[in-house]
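Chains as they are written, first to last, in numbering that gives the first Met the number 0: chain A, 0 to 342; chain B, 0 to 342. Structure, as structure tokens:
Number of protein chains: 2
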Amino acid sequence: MAKKSIRAADVAKRAGVSQPTVSRVFGVGTKVSKKLELKVKTAAAELGYRPNTLARTLATGCSKTIGLIVSFLENPFYPEALEKLSLVLNESGYHILIFMAANQAEEIDTIVEDLLDNQVDGIIFASVGISNTLTDRLVKENIPLVLFNRGQDDPRLSSVTSANFEGGRTVAQFLLAGGHQRIAHISGWQGSSTGRDRQAGFIKGLKDAGQELIGCIDSRFRRSLAAEATRRLFLGEIIPDAIFVGNDHMAFAVMETIRTEFGLRIPEDVSVVGYDDVSMSEWPSFNLTTIRQPANRMVEETVKMLLSMIDGDFLTVQKLEIDASLQVRGSARIPEEWPNEEF
Amino acid sequence: MAKKSIRAADVAKRAGVSQPTVSRVFGVGTKVSKKLELKVKTAAAELGYRPNTLARTLATGCSKTIGLIVSFLENPFYPEALEKLSLVLNESGYHILIFMAANQAEEIDTIVEDLLDNQVDGIIFASVGISNTLTDRLVKENIPLVLFNRGQDDPRLSSVTSANFEGGRTVAQFLLAGGHQRIAHISGWQGSSTGRDRQAGFIKGLKDAGQELIGCIDSRFRRSLAAEATRRLFLGEIIPDAIFVGNDHMAFAVMETIRTEFGLRIPEDVSVVGYDDVSMSEWPSFNLTTIRQPANRMVEETVKMLLSMIDGDFLTVQKLEIDASLQVRGSARIPEEWPNEEF
DNA sequence: TTAGGTTTTGAATGCGCATTCATAAAATGC
DNA sequence: GCATTTTATGAATGCGCATTCAAAACCTAA
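Here you go:
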């Protein structure tokens, strides 16, 4: 059907050399005399030759593609990260085989099988967890793997997250400094390290000052659940004067619910703080005070880590936590004495 | 380094058959006696054998992966579409090699080369254009290709869009029926068919009623430009009482600028209508009246079209326009007599 | 029972490239 | 100028699977 593609052998014949020579010209780290190289290159150009990546992969065992499993794409943090990830990986000559996943273990397993069948050189899990048995397999098969924005206890797993615990604590200090007395938390999924750590840090921060949460609801990073949680909080006995929400995506829903369903003002009546600092946070409609999770750096570190694992440096296995600082905007009362470092 | 992988030949030896027999068991449309099939399958299971997709691709010339080039990921329409695309393609047994692109011809060319080197079976361009020379190449090389949410005149190109012209016209009729007198348009990129068609339809709709735009600014689907355009419009001599914005993504910026910078109310002072109906449109903060572009159907049709082209049915080449209806919400004055079909 | 026909199966080959190994060419030393 | 080391090249082989083709096994009918 399609016109037969030109192979290295065709170029070789035209250039009057052997096929391996052509292969060497287009390969990396292989040497050919200037003279032949020129002949080969012109012949290749005349024929419009391009090496077949697949054949190369089959021969070398290295595909220059990495598998990416991502979920929660409705949270703008992930499209943003995805875009950067693509950029950085492409710069390093890697391709991305992408899969969307709900967060079910069996589904992940299937996807990973699929990735392995396709000979990916490494895998990035963006905001998805991995089962123990799957970890066993991947480690045994020596497949480099990094968890992005999600940590797991297993010491064999590398991950890049922000300093979620610290971030949560910072928020607590900020809200306390603002004199809030009735603080609640609408948390991210407690089945995820990010959700747990942010919450734990937050609670710790309150506790250190002798305060306790007046309410804490797991809304699993979902807008609808966050809105529902907000309703429960504001229909309760004690209504909060501050809410820390597990990520920005949910925080927007919380803010809207507070405003439209309860007619309260932000931050006059209620302070809201989020986590992520997605670009939407600075939209005037939200102007959300939030913990800035630097997607750029997280992506860079993720790729760096993965690539060095691919290069065989398994000492790279580590759990990296990127600093996460508070981005003060207008959705939460600003304490008088708060150090105004940001801007 | 990694444990040597088990090949079909290993399974064959263990099952006491030949390698081709194993190949036939795992291939499609190939027959093997029940007896041998069982032996092979148990042997394969015992060894944990999985066929190497790459080798298969090399042998068959069909990779079961499609290349996806996408830009404007900051517009939530595309993450939404991407997610569905992934779902539908995976269901059909296809994988996605994804590339982000700014919209520059040369960059696209490079990406496409890359895709071809990787032997993709087909390509989807999501919201990116394609040059004539590239079209020539792809057509000559017989690479199936579908443009998603972007049309081009070239008769050799397939595309799936919504009925942008009609959509634009509908908005015009809606705003006219609402009695608006000073209507402006902040358009999508006029270098894209979507941007042009929506604008053309809108203008036509106005013209048919004897009205004209009081202002029309190309904001190239970008938030910042849309905000800037809004400022220009509202600082002008005649202040609009209605604005049709080329997509929701920009419309949000327009609404915010109108509210926060000019202190005007929507829809009392100004009506705003968008295009796409991304999920954010129904958030209370925006409650945006907009043209609903059914991502689900568009994705399904795109995949259907692409797959039948891959199956060799090039009669499938066509330009498909999906119906786009108005989703009436609260961001624009609702005419008394407007047929309330939606919900 | 045997000729003719229908399936099944295996040996051989190719997909396009990289790599080992042996040989030829060039460069170096004295 | 010759022996020795270094470098450049080509023939052969393998990556893992699918497919052609011919041989073998199985059926069917008379």
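Just so it is clear, CB atoms sit at the ideal spot from N, CA and C, and this is done for glycine as well.
CB contact check: residue i to chain A, cutoff 9 Å
i, result
"E112(B)", "yes"
"I265(B)", "no"
"F261(B)", "no"
"P283(B)", "yes"
"A225(B)", "no"
"P293(B)", "no"
"N51(B)", "yes"
"N246(B)", "no"
Beta carbon proximity, residue i to chain B, threshold 9 Å
i, result
"H179(A)", "no"
"H94(A)", "yes"
"Y48(A)", "no"
"L72(A)", "yes"
"M249(A)", "no"
"S126(A)", "no"
"Q118(A)", "yes"
"T134(A)", "no"
"R296(A)", "no"
"R258(A)", "yes"
"I97(A)", "yes"
"E255(A)", "yes"
Straight-line Cα distance separating residue j from residue i
i, j, result
"N74(A)", "Q103(A)", "18 Å"
"R221(A)", "A228(A)", "10 Å"
"A171(B)", "F251(B)", "19 Å"
"F261(A)", "I216(B)", "38 Å"
"A162(B)", "I265(B)", "27 Å"
"A1(A)", "V327(A)", "Per-residue confidence for A1(A) stands at a pLDDT of 44, beneath the threshold of 50, marking its modelled position as unreliable; the derived number appears in the next sentence. Roughly 58 Å separates the two Cα atoms."
"E79(A)", "M297(B)", "23 Å"
"S4(A)", "E140(B)", "9 Å"
"R332(B)", "G245(B)", "18 Å"
"G128(A)", "F98(B)", "24 Å"
"N148(B)", "E82(A)", "19 Å"
"L212(B)", "T288(B)", "19 Å"
"D312(B)", "G214(B)", "46 Å"
"P338(B)", "T109(B)", "49 Å"
"E90(B)", "E336(B)", "44 Å"
"D116(A)", "Y48(B)", "10 Å"
Nonlocal neighbours in the same chain, by C-beta distance under 8 Å from residue i, ignoring five residues either side
i, result
"D240(A)", "H179, Q180, R181, I182, D268, V269, S270"
"E255(B)", "A226"
"F342(A)", "Low per-residue confidence applies at F342(A): pLDDT is 42, beneath 50, and the placement is therefore not dependable, though the value from the model is reported in the following sentence. Result list for F342(A): empty, nothing under 8 Å."
Opening and closing residue of the beta strand (DSSP E) in which residue i lies
i, result
"M99(B)", "94-99"
"I321(B)", "318-321"
"V269(B)", "First-last for V269(B): undefined, no H or E at that position."
"A331(B)", "Counting along the chain, A331(B) falls outside any beta strand (DSSP E), and DSSP gives it neither H nor E."
"V244(A)", "241-244"
Residues that residue i bridges to, as DSSP identifies them
i, result
"Y274(A)", "I290(A)"
"F147(B)", "A125(B), V159(B)"
"T64(A)", "H94(A)"
"D9(B)", "Note: D9(B) sits in no beta bridge, so no partner."
"S324(A)", "R291(A)"
"V69(A)", "M99(A), A125(A)"
Cβ-based neighbour list, residue i, same chain, cut-off 6 Å, excluding 5 preceding and 5 following
i, result
"W188(A)", "G194, R219, F220"
"S158(A)", "L146, G150, K318"
"S130(B)", "A104"
"F243(A)", "V170, H184, F201, V272"
"L144(A)", "I122, L137"
"T29(A)", "R23"
"S17(B)", "A11"
"M308(A)", "P143, T315"
"S186(A)", "G194, Q198, D217, G245"
"G177(A)", "R332, P334"
Endpoints, the alpha helix (DSSP H) within which residue i is located
i, result
"H248(A)", "247-255"
"I185(B)", "I185(B) -> not in any alpha helix (DSSP H); beta strand (DSSP E) instead, spanning 182-186."
"G214(A)", "First-last for G214(A): 214-217, but that is the beta strand (DSSP E), not the alpha helix (DSSP H)."
"S192(A)", "192-207"
"K34(A)", "33-46"
"D312(A)", "Careful: D312(A) lies outside any alpha helix (DSSP H) and carries neither H nor E."
Nonlocal neighbours in the same chain, by C-beta distance under 7 Å from residue i, ignoring five residues either side
i, result
"R168(B)", "G200, F201, K203, G204"
"S85(A)", "I95"
"L114(B)", "G66, L96, I122"
"C61(A)", "D120"
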